[in-house]
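**Student:** Residue numbers (the working numbering), protein chains in the order written: chain R, 57 to 428; chain L, 209 to 573.
Cβ coordinates follow ideal geometry from the N, Cα and C atoms, glycine included.
Because the structure is a prediction, the values reported are computed rather than measured.
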C-alpha cells in the first residue's frame, strides 16, 4: 500500500478489466487502480456467475448433487466427481472395486492433461501467441473423444458413482489411450521448441510475477501455483487416495517462484500424468466396476466428513455434514482457484499491465469454480 | 477445391473467359499505365490505380493472412465464399461498409472521425513514389525516400488521435504505447536509411533500383564493399518496419489480451475498416521499401527479364514473412520492445553508419 500512498498526489485512474475482457477467460472482473501502465492495486470482483452450488447440495439428494460437481471446474470435471464420490464413500463405508479405482485414475489423469493443454494454449494466447492454442486443442480433442466414448460427455462429466463407475471401458478406449500417450509424447518436444524455448516467452516469464511460498501459505494457494513456489505438496503423494500410492511418478517442483516456474510445473505434470496412465493401463485388473452393496437410496450416517483430491488447479476439498437424511445437512466446497486468485491483489502490486495479465494467466483461473 | 454444386454451375461460364481475360487485363493495364504521358490524365489514372491497388491489397492481404495463419495452425481457412474463399474479402468489405458508424458518448467527434483517415491517406500517398517497374511509377521524384518517411510519420498521429479521441482508457493506453514505440523504432530505421543514402548517393527510388542491376550479388543486401553489415542492416530495417506497422511480435498497440483492440476499440464498421486498410497499406509500403533498398526492387536476380513481376514477387515474399512471424511468436512487452530499440538496434545501426562512412572513404564509388 506504500505505492498507493505515494501515488495519492499523482494522477491515477481506475481501469475496469472485465467482466467482459479477452484476458479474464470468463466473467471475472478486476478493478485496477493504475498509474500509467503500473498497477497500484488490483481488486478482483467476483460473483458474476454464482450459482449457489453449496446451497443446491443441501436441497438435493446425495446422488443428485453428482452432476453439479462436473459444473464447477468444467475443464477438469472428473477430479471434482472424484472428490465428491470419495467423501460419500467414506461416509457410507463403501469399498470401491479395484478396476474402478484404476479407471478413475486413468480418466482423471486424462482429464488433467486435457485441462493443462487448454491452459497452455490459453496462456500463450494471453501472451499474444495464437498458434500454440490450436495445436493444444488438437491434442485435447483426442482426449475428449476418448472420454466421450466412456463417459458419454465431453466437458461436464458425471462418470463416477458412489462405489464405482457408471460403465466399464472397452478395448478401443485402452488402445486409444495408449496411442494417445505415444502421440502426446512425440508432440511435447514441439511444444517446448515452439513455446518454452522461445526467447520472447522466456523474457516475459522469467523473474516476472513472483509468488513466494510465504504468500502461498498466507492465501492457501495450492496446486501448480504452490509447486512453482518451491513447496513440494501434492495430495496424490502427501495423502494418497484411490490407488495413487501404487504408481511411480514424480511431483514437479520449481523454486523460481516466477511465471516460468508455474508454466514448467504444468508442462512437467502432463508428462507425469502420462506416466501414471501408462502404468495404470499396464496394471489394469479385471473385475466389476461397481461395488455390489450400494443402497439404492443413499443416507449417509450422521457425522462430519471431508475428502480432498488433487485437481488440475490444486487441492479440491469437499466437506459434508450429514444428519442421516437423504440430503446433506451442509456441503462446503473448497475450490483451489478461489484461493489462488486471492493472492492476485498482493502479487500484482506494482506490476506492469502486460506482466500482471501474464501472472493472471499463470494462475490458471476457471471462473465458475471460483464463484461456484 | 470443395465447392457447392450450385456455385460450381454458376461459376462455370466464367472460368475460361476469366483465365484468358485476367492476364490480358493485367498486361493491358501495364502497357496502358507505362505509356501514359505526363499531365492531368496521368495524375487521375494513377490516383485511381493506386487507390485500387491499396484497397485490393488490404482486402486480399486479409485473405492471405487468414489462409497463411490457417495453414500454420493446421486449419484450412476461408473456403466457403467463392473458390478458396476468394470472394470473402469483398463480402467482408460490403459488411463493413453497411454497418452503422457508432459515435460513443464523450468522444471528440472531429478527432475520432479524422484519425482513420490520417492512417490511411499517408500510406496511400506513399505509393506515389514506389517504382513498381522501370517506368511504372506514378511520380519518379528525386526525394522519394524522404517523402515516404515524411508521410510515414503522420501515421503515428492517426493512432494517437484515434486513441485520444475515443475517450476510452484502453485506447488511450494503446495510443501512448504506439507513440513511444513508433518514436523508438523510427530512429534506427532512419539511421539505416541515412546509411543507404550515403551508399547510393540518391534519394530517388528508381535510381536506387537501377544501381542494383545485374545478378543478385549486386543487390545492396550483399554489397559488402559498402559495409560488411549490410545483411544485418536489412534485418534491422525489417524488424523496424514490423514495429512501425504495429505488427506482431510488436503489436502492443492492439494487444488484444491486454487492451482489447487498442486504439480502434471504439471504432465500428468502416472506421475500423479504414484503420485496417491503413495498417495493411503500411505493411506493403514497409516491405516495398525493404525490397527497393536491399533486394533490388524490380531487378531480376539473374539479370534477365527484369520487371514489375520481380518486384511483386519479392514484395509478397516479404509480406509472407511478416505473417509467418506474426503467427509464430508471442508478443513482447513495452519495456522489452524499447530496450531492443535503444540498447541493441540503435547502437548497431550507429556503428554501421560509422563503418559505412569509413568504407566509403576507403573505396569511393
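At 7 Å on the CB atoms, spell out the chain R contacts of residue 377 of chain L, in chain order.
**Tutor:** 69 and 71
**Student:** Kindly list, in the order they appear in chain L, the residues whose Cβ is closer than 9 Å to that of residue 240 of chain R.
**Tutor:** In chain order: nothing, as chain L lies at least about 16 Å away.
**Student:** Classify residue 385 of chain R as helix, strand or coil using the three-state DSSP reduction.
**Tutor:** coil
**Student:** Please compile the residues from chain L whose C-beta is within a distance smaller than 7 Å of the C-beta of residue 216 of chain R.
**Tutor:** The premise fails here: residue 216 of chain R is roughly 34 Å from chain L at the closest Cβ pair, so nothing lies under 7 Å.
**Student:** Tell me, please, which residues DSSP counts as bridged to residue 94 of chain R.
**Tutor:** R:91 and R:408
**Student:** Taking all protein chains shown into account, do 16 or more other C-beta atoms lie within 10 angstroms of the C-beta of residue 495 of chain L, making it buried, or fewer, making it exposed?
**Tutor:** buried
**Student:** Does residue 285 of chain L have its Cβ less than 8 Å from a Cβ in chain R?
**Tutor:** Output row for residue 285 of chain L: interface = no.
**Student:** Report the rounded CA-to-CA distance for residue 240 of chain R versus residue 206 of chain R, giving the unit in angstroms.
**Tutor:** Cα to Cα, the separation comes out at about 20 Å.
**Student:** What are the residues of the region 403 to 419 of chain R that lie near chain L, defined by any Cβ-Cβ distance shorter than 7 Å?
**Tutor:** Here the close residues are 408, 409, 410, 411 and 413.
**Student:** So that I know if they touch, is there some Cβ in chain L lying closer than 8 Å to that of residue 192 of chain R?
**Tutor:** So no, residue 192 of chain R is outside the interface.
**Student:** Does DSSP put residue 153 of chain R in a helix, in a strand, or in coil?
**Tutor:** coil
**Student:** Count the other CB atoms within 10 Å of the CB of residue 198 of chain R; is the residue buried (16 or more) or exposed (fewer)?
**Tutor:** buried
**Student:** Quick check: what's the CA-CA separation for residue 142 of chain R versus residue 218 of chain R?
**Tutor:** 8 Å
**Student:** For residue 276 of chain L and residue 190 of chain R, I'd like the C-alpha separation in whole angstroms.
**Tutor:** Their backbone Cα atoms lie some 14 Å apart in a straight line.
**Student:** Does any C-beta atom of chain L lie closer than 8 Å to the C-beta of residue 254 of chain R?
**Tutor:** yes
**Student:** Any C-beta of chain L sitting closer than 8 Å to the C-beta of residue 186 of chain R?
**Tutor:** yes
**Student:** Within this structure, are the beta carbons of residue 410 of chain R and residue 464 of chain L separated by less than 8 Å?
**Tutor:** no
**Student:** Taking only the alpha-carbon atoms, compute the straight-line gap between residue 203 of chain R and residue 229 of chain L and give it to the nearest angstrom.
**Tutor:** 55 Å
**Student:** Taking the beta carbon of residue 173 of chain R as the centre, do at least 16 other beta carbons fall within 10 Å, making it buried, or is it exposed?
**Tutor:** buried
**Student:** Tell me, please, whether the CB atom of residue 542 of chain L is closer than 8 Å to any CB atom in chain R?
**Tutor:** yes
**Student:** Between the C-alpha atoms of residue 258 of chain L and residue 131 of chain R, what's the straight-line distance to the nearest angstrom?
**Tutor:** 51 Å
**Student:** Let's see if you can read the secondary structure: which residues bound the alpha helix (DSSP H) around residue 104 of chain R?
**Tutor:** It is not in any alpha helix (DSSP H) - residue 104 of chain R carries neither H nor E in the DSSP assignment.
**Student:** Hey, is residue 539 of chain L's beta-carbon within less than 8 Å of any beta-carbon in chain R?
**Tutor:** yes
**Student:** I want to verify the contact list: residues of chain L whose CB lies under 8 Å from the CB of residue 277 of chain R, in sequence order.
**Tutor:** Ordered by position in chain L, no residue passes the 8 Å Cβ test against residue 277 of chain R, which lies about 23 Å from the chain.
**Student:** Give the secondary structure of residue 273 of chain R by DSSP, where H, G and I count as helix, E and B as strand, and everything else as coil.
**Tutor:** helix
**Student:** Closer than 9 Å between beta carbons: that is the criterion. Which residues of the region 452 to 465 of chain L meet it against chain R?
**Tutor:** 456, 457, 459, 460, 463, 464 and 465
**Student:** Could you tell me which of L:332, L:532, L:372 and L:262 sits nearest to residue 357 of chain L, measuring between CA atoms?
**Tutor:** L:332
**Student:** Count Cβ pairs between the region 537 to 551 of chain L and the region 385 to 404 of chain L that sit closer than 8 Å; are there 3 or more?
**Tutor:** yes
**Student:** Cutting at 6 Å between CB atoms, please list the residues of its own chain near residue 361 of chain R, excluding the five before and the five after it.
**Tutor:** 143, 146, 147 and 376
**Student:** Given a limit of 7 Å on CB to CB distance, which residues of the region 369 to 393 of chain L reach chain R?
**Tutor:** Of all residues in the region 369 to 393 of chain L, 377 and 381 have a Cβ within less than 7 Å of some Cβ in chain R.
**Student:** With DSSP run on the structure shown, which of helix, strand or coil describes residue 346 of chain R?
**Tutor:** strand
**Student:** So if DSSP puts residue 359 of chain R in a beta bridge, which residue, or which two residues, is it bridged to?
**Tutor:** R:378
**Student:** Quick one: what does DSSP say residue 423 of chain L is sitting in, helix, strand or coil?
**Tutor:** strand
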